[in-house]
Amino acid sequence: METVQEKPALGLGSLVSSLRVVYKSGRTKELAWRQSQLKGLIRLLTEKEEEIFDVLRDDLGKHRTESFRDEVGVLVKSIKYTLQNLEKWAVPEKAPTPLVSFPATALVLPEPLGVVLIFSCWNFPLGDPL
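Start counting the sequence shown at 1; every next residue gets the next number (full-length UniProt numbering).
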């Protein structure tokens, strides 16, 4: 019977706390900042593509075609789609207001709501959580 070795804690609490500090600073509301993060993610995925394929092959036995289709390729395509539409999605929309509040107007402002910690399945380590 195999024994399971304990691994040290990942320190997720401190990581999430530091990300919340960045969020509370207001930096994530800027459209340019969000676009730069998405472009950086594309750059990371394309520059490290071969390494990602190697790791997925070694850890999960995935063929590079499967790794591209289910992990890297779908992410790059989704990020590019998001970059093409982000400005349109970020435009404030008029919202109805009750007559009693005339002449007031209301807007819905699409913006980030906070930090999310995602636990995902083991067999699609990139494609599913991102």
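We treat Cβ as the ideally placed atom computed from N, Cα and C, and that holds for glycine.
- Residues 115 and 117 of the same chain have their beta carbon placed closer than 7 Å to that of residue 16, with the five preceding and five following residues left out of the count.
- Annotation: the continuous alpha helix (DSSP H) that includes residue 39 extends over 31-47.
- Distances from the CA of residue 74 to each of 91, 45 and 108 were compared; the closest alpha carbon is that of 45.
- Judged by beta-carbon spacing, residue 71 lies beyond the 8 Å limit of residue 119, meaning their Cβ atoms are not closer than that value.
- Annotated three-state conformation of residue 2 is coil, per DSSP.
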